[in-house]
Amino acid sequence: MYRLKSLKYLVTTGVITGLLITLAYVSQFIRIGPNQSILQLADGLFLGLIILIPGPMMLISGIIYVGIIDLITGLPVYIPISMAIRTLMFFITAFGYKFLTRYVVFILSSLMTYLYVIPAYFIFDPTVALAEVVNDSIQIVFAIVMAIIISLSLEKVNRRYQQRLWNDEEFLIYKKVKVRANKAVTLENKN
1007 MYRLKSLKYL VTTGVITGLL ITLAYVSQFI RIGPNQSILQ LADGLFLGLI
1057 ILIPGPMMLI SGIIYVGIID LITGLPVYIP ISMAIRTLMF FITAFGYKFL
1107 TRYVVFILSS LMTYLYVIPA YFIFDPTVAL AEVVNDSIQI VFAIVMAIII
1157 SLSLEKVNRR YQQRLWNDEE FLIYKKVKVR ANKAVTLENK N
């Protein structure tokens, strides 16, 4: 949590959240299939950036953007499940990437989108739940493809250029300050 002491980190979190909200809002007008389901493109960007940006930034952005989008689209009943799904997606991607390949992690994270079927079944009816399965399947494919493209291209940019898109090491000064303060308190208590 030492990163949250940096104003740059907080501002970047706000900018990425705004970008996700904008992309999610614009993509709600992209309708697919006979039931006119919404194709949500922000999930691909969300997943792709989790690998590039370590720390809680993408968790915060993911939770905020889905809450706002569910409010804007007139479905506040989905806010808790959307926040829970994005939290699961974040943790699966962030921690799974340490052990698995990006492709497997993106597939596992995207499969969490199927959790929308449960409230659709109980709140509405089985036909809405069936339409949700079809919509989520299409959305999962787009999210996986978009996440792979974004993560690969942004990591390539980070490796190639000296001025990196994201350098998490610049926030370590906030961590070192805390460690020094803890050592000082420990030494003071011993004396």
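Going left to right, the sequence shown walks through residues 1007 to 1197 as the numbering used here numbers them.
Ideal placement from N, C-alpha and C gives every residue a C-beta, glycine not left out.
In the structure shown, glycine 1080 falls within a coil segment according to DSSP collapsed to helix, strand and coil. Annotated as distal: phenylalanine 1052 and methionine 1063, with beta-carbon spacing of 8 Å or more. Closest option to serine 1143, judged by alpha-carbon separation, among Leu1117, Arg1166 and Tyr1127: Leu1117. In its chain, beyond the 5 residues on either side, Ser1088, Met1089 and Arg1092 have a beta carbon closer than 7 Å to the beta carbon of valine 1072.
Isoleucine 1027 is positioned such that its CB atom lies closer than 8 Å to that of isoleucine 1074.
Counting only the Cα atoms, arginine 1108 lies some 34 Å from glycine 1080.
In this structure, the straight-line span from the alpha carbon of threonine 1119 to that of arginine 1166 is close to 34 Å. With contacts defined as CB atoms closer than 8 Å, glycine 1102 and leucine 1114 qualify as a contacting pair. Taking all protein chains in view, the Cβ of leucine 1055 is crowded by 16 or more other Cβ atoms within 10 Å, so the residue is classified as buried. DSSP, read as helix, strand or coil, puts leucine 1094 in helix. Taken through DSSP and simplified to helix, strand or coil, leucine 1047 comes out as coil. Taking a C-beta distance under 8 Å as the contact criterion, phenylalanine 1112 and alanine 1153 qualify as a contact pair. In terms of CA proximity to asparagine 1141, Tyr1122 leads the group Tyr1122, Thr1019 and Asp1131. Straight-line measurement puts the Cα of isoleucine 1022 at about 30 Å from the Cα of alanine 1137. Just so you know, the alpha carbons of leucine 1045 and leucine 1016 end up roughly 29 Å apart. Boundaries of the alpha helix (DSSP H) harbouring alanine 1137: 1132-1166, taken from the DSSP string. Your pair leucine 1029 and leucine 1047 checks out as a contact, with CB atoms roughly 6 Å apart and the cut at 8 Å. Looking at Leu1058, Gln1034 and Ile1036, the one whose alpha-carbon comes closest to that of lysine 1162 is Leu1058.
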